[in-house]
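Asks:
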Amino acid sequence: MMKPPYEMLHEEQSQYSVQIVLATMPQKQEDYFDKSVKKNYFEKYRRESLKYYNTHNEEYGTITNNNGRKVKLLYNPLRYYIFGNYDIAYISLIDNLKFAQRLFEPQLGQKNVKKTSQTLGQKKTRNITESFSPHSFQSFTGLSLNTTEELTDFFSSHVGKKPESRPYFLAVCNLKLNNGFLIGNGSIYLKSTNDFIRDKVREINEKKKTVEIAKSPDKQDHLVVEGKAIQFLILQSFSWFEISLMLFASDTGLISELLTTIRKSKVDDLPEKLAFQIKENSLCNGLLEQRDKAKLGQANIFADSQSHIGLHADLADLPENNSFVKRFMASEPVLNTRIECQVKPGHLPMLETLIFSSLNQNHFEEKIRSMIIGKSDYQFSWEKQFASNNLRLIRYILKNGQNNSDENIFDHVRKIKTKVIFERDTEEGEHRREVLHLDQFLERLSVTTKEAIDANGQLKELKVSRQIRSKVLKIFSNYNNGIQDIILFNYFLDFKIFIEELIKMIAKEKQAWDGYVRMDHPLSDADIEQEAVAVRAFEERLLRLISIFEEGFAIRMLNCYQFEDITDFDLDFNSSIQQLLSSYSALIAEIGNLFYKEKYKYGPVVQLNLQDTVANYNSINYYIHHLTSPEFVYATIIKEILNFNRFDTDKYLPLQKAYRECKPLSFTLLPSKHNNL
């Protein structure tokens, strides 16, 4: 059973969570890939996990619906073909956070299968290899902010054989909170945004219901065929964004309205007392001048958002005469899209012949078929902006997506990307909103040009190699880019103490070197040898620090908004965990500084390590599964902090007593013989 790392913000703790996987599908193997994901990734794990339950729990994770049919809820994903950088989304109910760290790499299950096709009277046989062609994915999970009842009700109504309960569209919206208010308010701010989103969904659903009543007052029992106009799941993510919102609806206009409302929401849109408390306790309030504090309420609740829109996979997988598909085609939901292609050089005429002849030339808008500049080089659009057109293209790709097809679109195209366009009107007063800037504050946290130049000069005089000097300078550059990023800087605060100590260490080593070379007597051969040994030892220390920064920095940047096309390439884990790392970093810094005279001069970087988990002054290492097991972290955190220091037992007793009684600690009680304490 899943145990969340910290207390849920919702009143009732859910025993389940949700995993979201966004994946590209290997070209010409789309059908095999999807079947393998369901069978060899989700179903296999669910089947194997049942071995760990008692016999009376053999049907754990199933529910009996109204028809008496047992429906599998756990690890039985909802599937949506999505537009944008990825092809398909899997939304699954899970009961173990460690599942999200599994490598999303299904297997074909069959080796060297031969497929035979007949085209123009000629038979062709091709082999299907054991591995998939190139594909990529992003996975994220966290703590569900829906109750257990909400989650089980939602999945039981969506994974069962009930077409009438399936909304056509999915929108996954990843929301990054404004750090200026998140810092200082924490869970209060997170809970208030959760409540705010719920209220906005409720308002849209009520408005939809009212409109439908006005249209057909005699058919109130059929107001919304699918139930609520918008259904949602909400997740407190472990990734670089705090909230992942999954919206399910059959009307893209409602999704557009909600996303627009969320994106433009400001702090003063929250309940008055709550908004006042959040503004008072915020980082912004402590940094801004008095004359600027009146602007606080106009600041955005969210600093960034990324959204993915998709169609229910059953629409493409089921036959055209299926009632669910027929109802979708008849309803003609509006969806404004542009199709961008990376066309292979010289293949454009063949691509146009293939697509436009197969999908009917009349479906396309003649004037929007053009060459474009950028990663994609060709764009076309539909004459009528209906989602049914996009469905036809998806069905065409899947139908002809086998190795033996002579009409495969990927013979001419490297990648297809669909952009969804929502129209909106600017409301009165929106253009007069105040803008807050934290640039000057973040600049004060960065490494100055003078500090970098001085450190480089000191390293030169210490005879440190050019390669190592370049890496140290790149550390300063990367840190500055992260700490001055208004969206991500809270994750790079973890490196502030590390960077300060690195600069001090270089200066201290240079000072010691100056004292050494100013000796009155000439250097002997032994002195020169000792000098070379000292330089090598110092370089080794620098290399260890460089390694710590490299790994910690890469993890905190992974899958963030700056790299939307870069997928989970890290070897240690398969789902972004920026918030877990930073949460534990803050905890370790607070506890660790109880043992030091100078406040906040001890700040090890929390990073992942499989083999060497021994802590040192600059880093504390955990393995990925430790981070989702808080009981392990809390049980070992003091040991890791003290791992590299030896305390006199008698002098340590007052500190131990104060820790047990939770009283303020007096640093004079600590052993004075330790200069670094």
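Per our numbering, numbering of the sequence shown is gapless, rising by one per residue and ending at 713. No residue lacks a Cβ here, since even glycine has one placed at the ideal position from N, Cα and C.
(1) Got a sec? Which residues, its chain only, sit under 8 angstroms from Gln342 by beta carbon, not counting five neighbours each side?
(2) Measuring only the C-alpha atoms, how far is Asn610 from Val57?
(3) If Gln267 and Phe284 are in contact, beta carbons under 8 angstroms, what's the gap, nearest whole angstrom?
(4) So which of Leu269, Ser406 and Thr288 has the shortest CA-CA distance to Met282?
(5) Starting from Arg327, trace the beta strand (DSSP E) in both directions and tell me its first and last residue.
(6) Across the region 411-418 and the region 318-337, are there enough close Cβ pairs to call them in contact, namely three or more that are closer than 8 angstroms?
(7) Mind the definition here: the region 55-71 touches the region 168-177 only if three or more C-beta pairs lie below 8 angstroms; say whether that holds.
(8) Looking at Pro640 and Ile656, is the spacing between their C-beta atoms short of 8 angstroms?
(9) What three-state label does DSSP hand Gln615 in the structure shown?
(10) Output needed for Phe585: all residues of its chain with C-beta closer than 6 angstroms, excluding positions within five of it in sequence on either side, in chain order.
(11) If you run the structure through DSSP and keep just helix, strand and coil, what is Gln378?
(12) If I follow the unbroken beta strand (DSSP E) through Tyr117, where does it start and stop?
(13) Tell me which residues share the same chain as Glu497 and place their Cβ nearer than 8 angstroms to its Cβ, disregarding the 5 neighbours each side in the sequence.
(14) With a threshold of 16 other CB atoms inside 10 Å of the CB of Lys243, please say whether the residue is buried or exposed.
(15) Starting from the C-beta of Asn595, find all residues in its chain whose C-beta is less than 6 angstroms away, skip the five residues before and the five after it, and write them out in chain order.
(16) Report the start-end ranges of each alpha helix (DSSP H) in the region 176-211 that is 4 residues or longer and not cut off at the edges.
(17) For Ile430 versus Leu324, is the C-beta spacing smaller than 8 angstroms?
(18) Locate the alpha helix (DSSP H) running through Thr454, then write down its first and last residues.
(19) Taking 6 angstroms as the limit between beta carbons, can you name the residues of its chain near Ala125, skipping five residues before and five after?
(20) Between His448 and His383, how many whole angstroms is the CB-CB distance? I'm expecting something under 8 angstroms.
(21) Where Val54 and Thr484 are concerned, what is the direct C-alpha to C-alpha distance, given to the nearest angstrom?
(22) Using only alpha-carbon positions, find the residue among Phe78, Asn121 and Thr184 that is nearest to Gln143.
(23) Among Asn517, Lys635 and Glu576, which residue has its Cα nearest to the Cα of Asp716?
(24) Once the 5 residues before and after Pro203 are set aside, which same chain residues still bring their CB inside 8 angstroms of it?
(25) Going by other Cβ atoms of all chains shown within 10 Å of its Cβ, with 16 needed for buried, is Asn396 buried or exposed?
(26) Can you list, in chain order, the residues of its chain whose CB lies under 6 angstroms from that of Asn436, leaving out five sequence neighbours each side?
(27) Can Ser621 and Asp530 be called in contact, C-beta distance under 8 angstroms?
(28) Let me make sure I understand the geometry here. Which of Glu459, Ser393, Arg299 and Pro381 has the alpha-carbon closest to that of Leu371?
(29) Across the region 133-140 and the region 660-668, are there enough close Cβ pairs to call them in contact, namely three or more that are closer than 8 angstroms?
(30) DSSP beta-bridge partners for Ile124?
(31) Have a look at Arg234, Ser72, Leu310 and Gln421 and flag the residue whose alpha-carbon is nearest the alpha-carbon of Leu295.
(32) Apart from the five residues just before and just after Ser275, which ones in its own chain have a Cβ nearer than 8 angstroms to its Cβ?
(33) Please report the residue range of the beta strand (DSSP E) in which Val642 lies.
(34) Do the CB positions of Gln51 and Asp131 come within less than 8 angstroms of each other?
(35) Given that a residue counts as buried once 16 or more other Cβ atoms are within 10 Å of its Cβ, and exposed if not, what is Asn221?
(36) Taking Arg327 as the reference, give the member of Ser292, Leu472 and Ile219 with the closest Cα.
Replies: Put simply:
(1) Cys209, Asn210, Phe277, Tyr597 and Glu600
(2) 10 angstroms
(3) 4 angstroms
(4) Leu269
(5) Element bounds for Arg327: n/a, residue is neither H nor E.
(6) no
(7) yes
(8) yes
(9) helix
(10) Ile511
(11) strand
(12) Leu114 to Ile118
(13) Lys546 and Trp549
(14) exposed
(15) Gln174 and Ser612
(16) 184-195
(17) no
(18) Run containing Thr454: none in the alpha helix (DSSP H); it sits in the beta strand (DSSP E), Val449 to Val456.
(19) Leu58, Tyr116, Ile118 and Gly346
(20) 4 angstroms
(21) 43 angstroms
(22) Phe78
(23) As displayed, the chain neither begins before 37 nor continues past 713, which places residue 716 out of reach and without an answer.
(24) Glu262, Gln267, Phe284, Ala285, Ser286 and His348
(25) exposed
(26) Glu443 and Asn444
(27) yes
(28) Glu459
(29) yes
(30) Ala59 and Tyr117
(31) Arg234
(32) Phe176, Gly178, Asn210, Asn595, Ser611, Ser612, Ile613, Gln614 and Gln615
(33) Val641 to Leu644
(34) yes
(35) buried
(36) Leu472
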